Amino acid sequence: MSILAGKRAAIFGVANDHSIAWAIAQRFRAEGAELALTYPNAAIEKRVRPLAESIGVECVLPCDVSDDAQLDAAFGALRERWGEMDALVHSLAFADRDDLKGRFVDTPRQSYHVALDVSAYSLVAMARRAEPLLAPRRGAIVTMTYLGAERVIPHYNVMGIAKAALEASVRYLAWDLGETGVRVNAISAGPLRTLSAAGIAGFKTMLHHNAEHAPLRRNVTPEEVAGAALFLCSPAAAGVTGEVLHVDAGYNVMGM
Ligand code: NAD
Numbered sequence: 008m009s010i011l012a013g014k015r016a017a018i019f020g021v022a023n024d025h026s027i028a029w030a031i032a033q034r035f036r037a038e039g040a041e042l043a044l045t046y047p048n049a050a051i052e053k054r055v056r057p058l059a060e061s062i063g064v065e066c067v068l069p070c071d072v073s074d075d076a077q078l079d080a081a082f083g084a085l086r087e088r089w090g091e092m093d094a095l096v097h098s099l100a101f102a103d104r105d106d107l108k109g110r111f112v113d114t115p116r117q118s119y120h121v122a123l124d125v126s127a128y129s130l131v132a133m134a135r136r137a138e139p140l141l142a143p144r145r146g147a148i149v150t151m152t153y154l155g156a157e158r159v160i161p162h163y164n165v166m167g168i169a170k171a172a173l174e175a176s177v178r179y180l181a182w183d184l185g186e187t188g189v190r191v192n193a194i195s196a197g198p199l200r201t202l203s204a205a206g207i208a209g210f211k212t213m214l215h216h217n218a219e220h221a222p223l224r225r226n227v228t229p230e231e232v233a234g235a236a237l238f239l240c241s242p243a244a245a246g247v248t249g250e251v252l253h254v255d256a257g258y259n260v261m262g263m
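Converting from the sequence shown to the numbering used here requires adding 7 to each position, the first position being numbered 1.
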């Protein structure tokens, strides 16, 4: 039987067919889930709508996560459409390109604020709105993080700080939402060629370095990350919450 048959999942963060969220959406559909996808602006809407159509997703909603009114509207629409849901995938982040090169110490106040707001606070804002929909079915929330939260990755800069806040948020949300049976976890993915990754100076070097030094001697694929998201949103992970699951070909365990 399909693992997510009869389940409903809202997936935030498809920008194009390279997005990690897109791999997750495809996998969740293949496992029988009904989906909702979102887009933050008209340019991304143009790419998301045909992708949604290609996998039979009818529910496509606007939602810039830095705007409380848009968050209210998106979760209001989900409540109206579904009443209850099973999974929420938060696969989004933003930092100004200028802040993903050079020295972290030069990060301007406004850039720091925006990166933390869109990339970390949004999970809290979404979890609060999703909890009443998820709780009756004891659902799951999954977000996407990166090793730059734990270690210094040159050029990752303010995004590393945002991911550290995101991972700490996962733990605090796991405690709060655990009371209603909702699980909250993160996947720490190895580097993948996506639109967001293209904004990080020296990203190709990161890819090569990871592939050379990871125990599996290669990089991961979006499909492998999607498999981990499927696990975390499935009953097989019923006892897992507050966790950061590394899907990085093992790179994070290496010391030298
Ligand atoms: P991507 O560019 O395909 O996805 C990023 C998404 O963030 C886009 O869909 C974009 O629309 C969305 N977004 C940005 N600002 C937004 C806003 N204000 N409101 C709503 N959505 C907004 O890139 P990706 O690599 O698939 O990124 C997905 C997640 O995975 C991010 O959290 C990223 O940090 C994380 N991640 C990526 C890698 C990698 O190497 N690509 C590795 C580890 C973690």
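Each residue gets a CB set at the ideal place from its N, CA and C atoms; glycine is no exception. Bear in mind the structure is a predicted one, so any value in this text is a computation, not a measurement.
In the DSSP assignment, residue 41 falls within the beta strand (DSSP E) that extends over 41-46. In this structure, the straight-line span from the alpha carbon of residue 115 to that of residue 26 is close to 28 Å.
Apart from sequence neighbours up to five positions away, the residues of its chain that approach residue 38 with a beta-carbon distance below 7 Å are 9, 10, 11, 237, ordered along the chain. Counting along the chain, residue 31 sits inside the alpha helix (DSSP H) bounded by residues 27-37. In this structure, the alpha-carbon of residue 21 lies about 13 Å from that of residue 35. For residue 127, there is no enclosing beta strand (DSSP E), as DSSP marks it with neither H nor E.
A residue is called buried when at least 16 other Cβ atoms come within 10 angstroms of its Cβ; residue 117 does not meet this threshold and is exposed. When the five nearest sequence neighbours on each side are left out, the beta carbons in the same chain lying within less than 7 Å of the beta carbon of residue 62 are those of 32, 33, 36, in order along the chain.
If you check the C-beta of residue 18 against the ligand NAD, you find no heavy atom less than 7 Å away. In the DSSP assignment, residue 19 falls within the unbroken beta strand (DSSP E) covering 15-19. With the rule of 3 Cβ pairs closer than 8 Å, the stretch 238-251 does not count as touching the stretch 212-222. For residue 78, the closest alpha carbon among the candidates 17, 161, 223, 219 is that of 17. For residue 153, the closest C-alpha among the options 176, 165, 197 is that of 197. Separation of residue 226 and residue 218 (C-alpha to C-alpha, rounded to the nearest whole angstrom) is 5 Å. For the pair residue 107 and residue 168, the Cα-to-Cα distance works out to about 12 Å.
When the Cα atoms are used, residue 184 and residue 149 turn out to be separated by approximately 13 Å. Judged by their CB atoms, residue 156 and residue 171 are nearer to each other than the 8 Å cut-off.
Scanning 205, 13, 137 for the CA closest to the CA of residue 103 turns up 205. The beta carbon of residue 208 sits closer than 7 Å to the beta carbons of 107, 108, 162 from its chain, once the five residues preceding and following it are set aside; these are given in chain order.
Of the residues assessed, residue 137 falls on the buried side of the cut-off, its CB having 16 or more other CB atoms within 10 angstroms. Within its own chain, the residues whose Cβ lies closer than 8 Å to the Cβ of residue 223, once the five positions on either side in sequence are excluded, are 256, 257, listed in chain order.
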